[in-house]
Amino acid sequence: MTVFDRVSSRARLPLATSLMALTAFSALPAHAQEAAPASGSVVLEEIIVTANRRAERLSRVPASIAAFSQEKMDSQGVRQIEDITRLTPGLNFSRQSYFSGSNTNISIRGIQSNDGAATTGIYIDDVPIQVRSLGFSSANVYPKVFDLERVEVLRGPQGTLFGAGAEGGAVRFITGQPDLENTHIYGRSELAFTEKGDPSYEAGVSVSTPVQTGKLAFRGSAWYRRDGGWVDRTNPENGTIADKNANAQDSKAAKLALTWAPTDSLRITPGIYYQDIDIDDTTGYWESLSNPSKGEFRTGYALSQPQHDRYYLPSLTINADFGAVELTSVTAYFDRDQDEVRDYTNFVSEIVGAGPYVTLPGQNAPGYFSEKQNNFSQELRLQSTPGDSPWTWVVGGFYSHEKQQSAQANQDSYVDTLIRNATGGAFNAASWYGVPLLPGDFLYDSRTRSKTEQIAGFGQVDYALADKLKVTAGVRVAHLKINHEQAAEGPWAGGTLASDGSTSETPITPKFGLTYQYDPDVMFYATASKGFRAGGAQTAVPTSFCGADLQSLGLQSSPTSYDSDSVWSYEAGTKSYLFNGRVMAEASGYYIEWKDVQRSVWLPTCGSSFINNAGSITSKGFDLSVQGKVTDDVTLGVVLGYTDATFDQTVLGGAGAILAEKGDAAFDGPKFTMTVTGQYDFVLAGNTDAYARFDYTYSSKGPRDNPAVYSYDPVLTNVPSISQVNLRAGVKLEAVDLSVFVNNLTDTHPALGRFHHFAGSPLTTNSTLRPRTFGLTGTYRY
Numbered sequence: 000m001t002v003f004d005r006v007s008s009r010a011r012l013p014l015a016t017s018l019m020a021l022t023a024f025s026a027l028p029a030h031a032q033e034a035a036p037a038s039g040s041v042v043l044e045e046i047i048v049t050a051n052r053r054a055e056r057l058s059r060v061p062a063s064i065a066a067f068s069q070e071k072m073d074s075q076g077v078r079q080i081e082d083i084t085r086l087t088p089g090l091n092f093s094r095q096s097y098f099s100g101s102n103t104n105i106s107i108r109g110i111q112s113n114d115g116a117a118t119t120g121i122y123i124d125d126v127p128i129q130v131r132s133l134g135f136s137s138a139n140v141y142p143k144v145f146d147l148e149r150v151e152v153l154r155g156p157q158g159t160l161f162g163a164g165a166e167g168g169a170v171r172f173i174t175g176q177p178d179l180e181n182t183h184i185y186g187r188s189e190l191a192f193t194e195k196g197d198p199s200y201e202a203g204v205s206v207s208t209p210v211q212t213g214k215l216a217f218r219g220s221a222w223y224r225r226d227g228g229w230v231d232r233t234n235p236e237n238g239t240i241a242d243k244n245a246n247a248q249d250s251k252a253a254k255l256a257l258t259w260a261p262t263d264s265l266r267i268t269p270g271i272y273y274q275d276i277d278i279d280d281t282t283g284y285w286e287s288l289s290n291p292s293k294g295e296f297r298t299g300y301a302l303s304q305p306q307h308d309r310y311y312l313p314s315l316t317i318n319a320d321f322g323a324v325e326l327t328s329v330t331a332y333f334d335r336d337q338d339e340v341r342d343y344t345n346f347v348s349e350i351v352g353a354g355p356y357v358t359l360p361g362q363n364a365p366g367y368f369s370e371k372q373n374n375f376s377q378e379l380r381l382q383s384t385p386g387d388s389p390w391t392w393v394v395g396g397f398y399s400h401e402k403q404q405s406a407q408a409n410q411d412s413y414v415d416t417l418i419r420n421a422t423g424g425a426f427n428a429a430s431w432y433g434v435p436l437l438p439g440d441f442l443y444d445s446r447t448r449s450k451t452e453q454i455a456g457f458g459q460v461d462y463a464l465a466d467k468l469k470v471t472a473g474v475r476v477a478h479l480k481i482n483h484e485q486a487a488e489g490p491w492a493g494g495t496l497a498s499d500g501s502t503s504e505t506p507i508t509p510k511f512g513l514t515y516q517y518d519p520d521v522m523f524y525a526t527a528s529k530g531f532r533a534g535g536a537q538t539a540v541p542t543s544f545c546g547a548d549l550q551s552l553g554l555q556s557s558p559t560s561y562d563s564d565s566v567w568s569y570e571a572g573t574k575s576y577l578f579n580g581r582v583m584a585e586a587s588g589y590y591i592e593w594k595d596v597q598r599s600v601w602l603p604t605c606g607s608s609f610i611n612n613a614g615s616i617t618s619k620g621f622d623l624s625v626q627g628k629v630t631d632d633v634t635l636g637v638v639l640g641y642t643d644a645t646f647d648q649t650v651l652g653g654a655g656a657i658l659a660e661k662g663d664a665a666f667d668g669p670k671f672t673m674t675v676t677g678q679y680d681f682v683l684a685g686n687t688d689a690y691a692r693f694d695y696t697y698s699s700k701g702p703r704d705n706p707a708v709y710s711y712d713p714v715l716t717n718v719p720s721i722s723q724v725n726l727r728a729g730v731k732l733e734a735v736d737l738s739v740f741v742n743n744l745t746d747t748h749p750a751l752g753r754f755h756h757f758a759g760s761p762l763t764t765n766s767t768l769r770p771r772t773f774g775l776t777g778t779y780r781y
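What the sequence shown shows, in numbering that gives the first Met the number 0, is residues 0 to 781, in sequence order.
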């Protein structure tokens, strides 16, 4: 038996052809789950994870991890990253409500930031794809949930094995791989209807099959989904609908992989993953035009705001088994292009003093944004294979060369008329700004480029001091060099700007741990680990545009660079697999110290911002998960999370301005989250297996802003508590699973993202959950 066969296989369902006309459907990936050894008649299956770069039962990994197999995600209706965060304590995700809503904020255990480098690592298999925040359009892209073997959420800093991008934790999307021995088919199709919205539908198929058994195998998948819109774009003056259900989204994904095993100890897998997302318009709505209690969500923008985001990820993975050790090489190139249009019509009217609702007939002010990522990465790992030795270890090297470009261009051919009307004819754009419009009536044209080169060496070793006691020590040493340059021109730039800068650092991120295996099913652990985020360079905000804001902070200009920040995390926890496999329980508590925090300072008058290092933050809390078979037919579960992140001291910004007071909340997500799940399995007439399940999620109110803090805005209220109920019931016909579902059963519409561009502006936007949605899902596994 080689190392590739050491993870237990799963049972395959017999082929059923009754659903092939509905969907031609993907393979359940090999070694997705493993039943724990237990004598009970019905046990909970335990997922296999690779958080320590080797396949292990989740209950044997001394870390706080939420893991979702393909089957679990299907049963809980997981379709995108928001669904994963809904089910994962400690993981928080939000989208902005203005423009296209593409900008996101993802955080783990209160370690969050939309500025500078990422605090949460986003991985497809072993390849990091997170983005550095360069401009207003910079945002992560997340793989859609189809043909994934599993998703792993690693809570707490992962600096030793995953590097600088995982300061607060990491989210790993693990794709299915070709199987050299067996054919697998998996498929999923869905049709759903949203109240007062357009239908949604999807279909996807994945096939893995040996070309030459034991030597050569192929895996391919293709998937398409249409999410129907439910926000109308209207004319704010007369209420007529310009585009009904405007915010539809089309998503496409495909993957090809080929595994060649020239010998029993060598596997070579080239592959390519492709994803393409088209968003027709913003999901944010105008509060002045909407009535959420009646299910009416509307915007009054003059323009639709489409976004196109596509990426390619070719990779080459080589695994070589030398008996006592295994060598893994992962080479990848991530190529991403994002383009979007944002409507600045009301923004321009407001900034020249006409007010947000005073626009001219036919006026439109498009903002053109683009974001490009080109990341090459190479990782090489050598690690021990399971055996009788008390030592378990992994050592490796990592290199990456990441290039990113952000562009913005704003156009408004009506701005001269607006300014003349607002000033009684005293000014036009050239005299108002002191700089004439660019050719084509452009107010602003900017290009920002960043290049990050990183080389790192890492290692981690586990040593069994005794039969039940194990110590862990690891360290990563990296060297990063970041170059930044920007060129901007036009009235909003105050003329012509050109700047560049660079920074380099050599972070060291150690990890220490102690694990006590009380018995084969109960484990206790404690860890201390460091996480790191690189600093960077930035372009100064234009003083001609933002001078008043800067002066209120005691500044003549904004900083052109910012330093790195880091965390130390201390965690203790336990994992148990009890009552002959009928109950799984996990609990962890943590205390995190975050120093020299990179933080955005918002300038409320000019609507811009800059990054500085502002004080320190302490985050503390716990995670708890219990899943159990109450009877052979009833499964119940509850997961809880609590996060309390606050500033350790008062942070001053100059001229007496307070950026944060001691004890202020440093995390805008909920302190407390909870998910309660239940499933009842039963048999219908004719021995047809059936089930019914519910998923209830709750999150507490977000923190309120401190009125004493600079740029406090009383209109931007905290996010309310959120409760959501999803239901699903279905039948299993051998390999076919047919189910009906309702998401957001109570049709709740919490205000998730209230925003306006300027303090005192009456034009506020917001976002909420998708309205109540009914649907039918069919899945097929062979």
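Note that CB positions come from ideal geometry on N, CA and C, so glycine has one too.
Out of the options, which has the shortest C-alpha to C-alpha gap to residue i?
i: Arg297; options: Gln304, Glu286, Pro305; result: Glu286
i: Leu442; options: Gln382, Gln485, Thr344; result: Thr344
i: Pro360; options: Pro706, Ser528, Glu236; result: Glu236
i: Gln248; options: Leu255, Pro305, Ser220; result: Pro305
i: Ala252; options: Thr262, Thr282, Leu147; result: Leu147
i: Ala138; options: Ser112, Ala364, Gly158, Pro156; result: Ser112
i: Ser314; options: Tyr300, Gly299, Ala331; result: Ala331
i: Leu379; options: Glu166, Ser624, Thr358, Val329; result: Val329
i: Leu479; options: Phe609, Thr233, Gly395, Gly162; result: Gly162
i: Ala571; options: Asp622, Ala547, Asp82, Ser599; result: Asp622
i: Ala245; options: Ala301, Ser501, Val629; result: Ala301
i: Ala323; options: Asp280, Gln382, Tyr311; result: Gln382
i: Asn363; options: Ala689, Ile481, Gly299, Asn743; result: Gly299
Expressed to the nearest angstrom, what Euclidean distance is found between the alpha-carbon atoms of residue i and residue j?
i: Ser205; j: Ala665; result: 43 Å
i: Asn318; j: Lys143; result: 27 Å
i: Ala684; j: Thr634; result: 22 Å
i: Gly354; j: Phe192; result: 38 Å
i: Glu401; j: Lys450; result: 6 Å
i: Asp520; j: Arg581; result: 12 Å
i: Gly652; j: Val566; result: 23 Å
i: Arg225; j: Asp308; result: 15 Å
i: Val140; j: Ile128; result: 8 Å
i: Val741; j: Asn427; result: 55 Å
i: Lys195; j: Lys254; result: 35 Å
i: Glu70; j: Gly186; result: 12 Å
i: Ser93; j: Gln211; result: 46 Å
i: Asp411; j: Tyr273; result: 36 Å
i: Arg218; j: Ile267; result: 14 Å
Where do the N-terminal and C-terminal ends of the beta strand (DSSP E) with residue i fall, by residue?
i: Gly546; result: It is not in any beta strand (DSSP E) - Gly546 instead sits in the alpha helix (DSSP H) that spans 542-551.
i: Trp601; result: 597-602
i: Lys529; result: 521-532
i: Ala50; result: Unbroken run through Ala50: none, as it is neither H nor E.
i: Leu658; result: 656-659
i: Phe380; result: Per the sequence shown, the amino acid found at residue 380 is Arg instead of Phe. Arg380 -> beta strand (DSSP E) spans 365-383.
i: Leu265; result: 265-278
What would DSSP say about residue i, mapped onto helix, strand or coil?
i: Pro490; result: helix
i: Ile83; result: helix
i: Phe161; result: helix
i: Asn345; result: helix
i: Glu286; result: helix
i: Pro291; result: helix
i: Ala245; result: coil
i: Leu57; result: helix
i: Asn318; result: strand
i: Asn785; result: No answer is possible for residue 785: the residues shown for the chain start at 0 and end at 781.
So residue i is in the alpha helix (DSSP H); what residue range does that whole segment cover?
i: Glu70; result: 69-74
i: Trp431; result: 428-432
i: Thr696; result: Thr696 -> not in any alpha helix (DSSP H); beta strand (DSSP E) instead, spanning 687-698.
i: Val682; result: That residue, Val682, is in no alpha helix (DSSP H); its beta strand (DSSP E) goes 671-683.
Quick check on the DSSP output: what are the complete beta strand (DSSP E) runs of length 3 or more inside the stretch 171-211, in order along the chain? 183-193, 198-211
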